[in-house]
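One structure is given here, and the rest of the page talks about it.
Numbering (my numbering), first residue to last: 214 to 891.
So, in structure tokens, the structure goes:
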């Protein structure tokens, strides 16, 4: 048996877990009609197949109709969920993993205009900032009803074969009762800690009476809200002791912080540029104080951190949830001594930010996650070996090269620069985004493993490519900053990338016109303001940086607000003219009737990229398909068979920003779904 702390089994009550790594409850927003159907099943089973000890589904499943999901959650209050749960639990158990589900009532952490348009309930009228609903103060009959709903839902989950259920307390209704900040009830459920904990205890008792003792029951809760007037550390320790002493729960799943604001949520679930494992020591304190099985997860992105968590005795089970969205086979690779091949989580949080914006969870650089029904995590070998030429060593080009190499093809990559990365190399120059380079580093290591030849400092001409006698040519040359967007004065502006790269010296009074809403404008603003410039970011949108999304916006705002950056929405930069050593920016509005001016010494335009596609159009007449892609074949996962030029020399495709300005995930997805079938 291995002496690796992570690979040691753990006995949780009657349940033996095969190692110490879990996927904690999260909702990838894959349900269909509130049910975990085939997509959800495939996603969940892939992590079990990868060797994880236990996977927890749903973050969280709703137990009541007046707890409508604000993103696509499972509906545990419906009887019809039982067979779908049974299908999933059976499949996970067949892979040797345990499976639990998280149940909740959201309380005020939802909206009244979702689901059946029922009033939001909470133990006070205080609105949660994130979801903005003013709740009804909960009544006695609501409490009775919801306690029963929890018990009913738990009984359904047991009938569906779950090994247990975990109650989501923090930020949700259970904790809204516990926290003095959100509980303004009188009588048996408000006031003292005994009273504020009574609702949670009543729920636990009701569940335990339904499911019996041979069913795991846990609570994920905060033991320190980190808010003035909220549950502090000392009271959190007391809550932890009381949960243990109740005899109703089998483990504690500890977090620290609050999630009622974007900033609070981001501190609980940190993103790139923030410290790894920020709450691990705190969880260890709870473990030491209670001497009770303790779980924890919060930015545990790598095996070394997870191993330390277990080896040091801080926790009994460690969650690597986002890490398993990036690579579902972490445990298998540990067992097989292939830790260096684990695809790294870079903390980009594209997964969670998409959920909170109403989309499905996707990993920024594993396009198979959430698409297990159509995209492979392990690419199959091709029947016929081909010669593939890829032009460009950014994320799209390297993914195409990696996948083609894993397929067994002979692959050559031409890159004009002296190193790989493309726009990622630029974006990673910002300290908080340096983890993005792991997207490139991992692919470079994989390309080396599969014998991909990469030729740097090589400008790929048509003759260069043709000399390779390729069967397939993939153009992944990316794009260049697009600043030619004004009616007059385009020659006076610079791009965000000019600022980020250091190619252009920062001005002292700078207007950034952001018409793309992505990271580049904020990165440029941070660089400029950090250099002492007065900075205004202007956008014609009704909100700024929509492509950055909520949790990624938090660190930028903390930095830029301290640097006194001004944010201006709903105004459009129309033209720029020079006036001596100053620039006059003429500003209008899409809403009409407005004409303003700004006098600055530098104007930065962030308007995405335009494709670097000259080589594609030069090669197009020489290709068999004239660059055409069959969308039907692409979507169906079939090899491309378009034939427009029988005398052509090779198939020709382009991917990523060489097609149009999108994002890193889109570029990698382009590459995977094309190259996997070559």
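The C-beta atom is built at its ideal place from N, Cα and C for all residues, glycine as well.
* By a C-beta neighbour count over all protein chains shown, 10 Å radius and 16 as the cutoff for buried, is residue 224 buried or exposed? -> For this step, residue 224 is matched to residue 11 along the chain shown. Exposed, by the Cβ-count rule.
* To do: Enumerate in chain order the residues of its own chain whose CB-to-CB distance from residue 714 is below 8 Å, with the five nearest sequence positions on each side excluded.
  => Counted from its first residue, the chain shown places residue 714 at position 501. Only 639, 642 meet the Cβ criterion.
* I think residue 602 touches residue 619, with their Cβ atoms under 8 Å apart; what is that distance to the nearest whole Å? -> Translated into positions along the chain shown, residue 602 becomes position 389. Translated into positions along the chain shown, residue 619 becomes position 406. The pair is not a contact, with the Cβ atoms about 17 Å apart (cut-off 8 Å).
* Asked: Which one or two residues does DSSP pair with residue 223 in a beta bridge?
  -> Working through the chain shown from its first residue, we reach residue 223 at position 10. Looking at the DSSP assignment, residue 223 forms a beta bridge with 230.
* Can you name the start and end residues of the beta strand (DSSP E) that residue 868 belongs to? -> For the purposes of this step, residue 868 is identified with residue 655 of the chain shown, where counting begins at 1. Note, residue 868: premise wrong, no beta strand (DSSP E); not H, not E.
* Buried or exposed: which applies to residue 492, given that a residue is buried once 16 or more other Cβ atoms fall within 10 Å of its Cβ? -> Along the chain shown, read from residue 1 onward, the residue named residue 492 stands at position 279. Buried, since its Cβ has 16 or more Cβ neighbours within 10 Å.
* For chain C, is any of its Cβ atoms less than 8 Å away from the one on residue 353? -> In the displayed structure, chain C is absent; only one protein chain is listed.
* **For residue 248 and residue 483, the rounded distance between their alpha carbons** => In the chain shown, the residue the question calls residue 483 occupies position 270. In the chain shown, the residue the question calls residue 248 occupies position 35. Distance between the alpha carbons of residue 483 and residue 248 is about 29 Å.
* Extent of the continuous beta strand (DSSP E) to which residue 380 belongs -> Numbered from its first residue, the chain shown carries residue 380 at position 167. Looking at the DSSP string, the run of the beta strand (DSSP E) that includes residue 380 is 377-381.
* Using three-state DSSP, classify residue 365 as helix, strand or coil. => The sequence position of residue 365 within the chain shown is 152, counting from 1. DSSP places residue 365 in helix when its eight states are reduced to three.
* Asked: What do you get for residue 784, buried or exposed, if any count of 16 or more other CB atoms within 10 angstroms of its CB means buried?
  -> As a working mapping, residue 784 is identified with position 571 in the chain shown. Per the 10 Å Cβ criterion, buried.
* In chain order, what residues of the same chain have a beta carbon less than 6 Å from the beta carbon of residue 382, not counting five sequence neighbours either side? -> Locating residue 382 in the chain shown gives position 169, where the first residue counts as 1. So the qualifying residues of the chain are 388, 432, 434.
* Asked: Thinking C-alpha only, which one of 439, 626, 815, 787 is nearest residue 802?
  -> For the purposes of this step, residue 802 is identified with residue 589 of the chain shown, where counting begins at 1. Comparing Cα-Cα distances from residue 802 to each of 439, 626, 815, 787, the minimum goes to 787.
* Asked: Around the Cβ of residue 209, are there at least 16 other Cβ atoms within 10 angstroms (buried) or fewer (exposed)?
  -> Examination of residue 209 is not possible in this model, given that the chain is present from 214 through 891 alone.
* To do: Spell out a yes or no on whether the stretch 357-371 and the stretch 271-291 are touching, meaning 3 or more CB-CB pairs, one atom from each, closer than 8 Å.
  => yes
* If residue 253 and residue 244 are in contact, beta carbons under 8 Å, what's the gap, nearest whole angstrom? -> Sequence index remark: in the chain shown, residue 253 carries index 40 (1-based). Sequence index remark: in the chain shown, residue 244 carries index 31 (1-based). Going by Cβ atoms, the distance from residue 253 to residue 244 rounds to 6 Å, so yes, they are a contact pair.
* Find the nearest neighbour of residue 231 within the set 374, 310, 518, judged by alpha-carbon distance. => Translated into positions along the chain shown, residue 231 becomes position 18. Residue 231 has its Cα closest to that of 310, out of 374, 310, 518.
* To do: Would you mind reading off the limits of the beta strand (DSSP E) that contains residue 610?
  => Numbered from 1 along the chain shown, position 397 holds the residue referred to as residue 610. Run containing residue 610: none in the beta strand (DSSP E); it sits in the alpha helix (DSSP H), 608-619.
* Please name the residue in 870, 316, 239 whose C-alpha comes closest to that of residue 511. => Stepping through the chain shown from its first residue, residue 511 is reached at position 298. Checked all of 870, 316, 239; the closest Cα to residue 511 is 239.
* Limits of the unbroken alpha helix (DSSP H) element including residue 466 -> Residue 466 sits at position 253 when you count from the first residue of the chain shown. Careful: residue 466 lies outside any alpha helix (DSSP H), inside the beta strand (DSSP E) at 464-468.
* Rounded C-alpha distance that separates residue 779 from residue 698 -> Residue mapping note: residue 779 aligns to position 566 of the chain shown, counting from 1. Residue mapping note: residue 698 aligns to position 485 of the chain shown, counting from 1. Their Cα atoms are separated by approximately 22 Å.
* Which residue spans inside the stretch 635-680 form an unbroken beta strand (DSSP E) run of at least 3? -> 666-668
* To do: Please classify residue 782: is it buried, with 16 or more other beta-carbons within 10 angstroms of its beta-carbon, or exposed?
  => For the purposes of this step, residue 782 is taken as residue 569 along the chain shown, with counting starting at 1. Burial call: exposed.
* Asked: residue 854 by DSSP, collapsed to three states: which one?
  -> Position 641 of the chain shown holds residue 854. Residue state, collapsed to three classes: coil.
* Asked: Where does residue 330 land, buried or exposed, given buried means 16+ other C-beta within 10 angstroms?
  -> For the purposes of this step, residue 330 is taken as residue 117 along the chain shown, with counting starting at 1. Residue 330 should be labelled exposed.
* Asked: Is residue 682 near the ligand NAP, in the sense that its beta carbon is under 7 Å from a heavy atom of that ligand?
  -> As far as ligands go, the structure on display features none, and thus does not contain the ligand NAP.
* Does the Cβ-Cβ distance between residue 832 and residue 678 come in under 8 Å? -> Translated into positions along the chain shown, residue 832 becomes position 619. Translated into positions along the chain shown, residue 678 becomes position 465. Their beta carbons are under 8 Å apart, which means residue 832 touches residue 678 by this criterion.
* Asked: Using CA coordinates, which residue listed in 644, 608, 674 is at the minimum distance from residue 632?
  -> The residue you call residue 632 lines up with position 419 of the chain shown. Nearest C-alpha to residue 632: 608.
* Compute the Euclidean distance between the alpha carbons of residue 849 and residue 662, then round it to the nearest angstrom. => Taking the chain shown and counting its residues from 1, one reaches residue 849 at position 636. Taking the chain shown and counting its residues from 1, one reaches residue 662 at position 449. When rounded, the distance between both Cα atoms is 29 Å.
* Boundaries of the beta strand (DSSP E) in which residue 434 is found, first to last residue -> Taking the first residue of the chain shown as 1, we reach residue 434 at position 221. Unbroken beta strand (DSSP E) run through residue 434: 429-435.
* Span separating the alpha-carbon of residue 218 from that of residue 263 -> For the purposes of this step, residue 218 is identified with residue 5 of the chain shown, where counting begins at 1. For the purposes of this step, residue 263 is identified with residue 50 of the chain shown, where counting begins at 1. When rounded, the distance between both Cα atoms is 18 Å.
* Asked: In the DSSP assignment, what residue or residues form a beta bridge with residue 727?
  -> Counted from its first residue, the chain shown places residue 727 at position 514. DSSP lists 819 as partners of residue 727.
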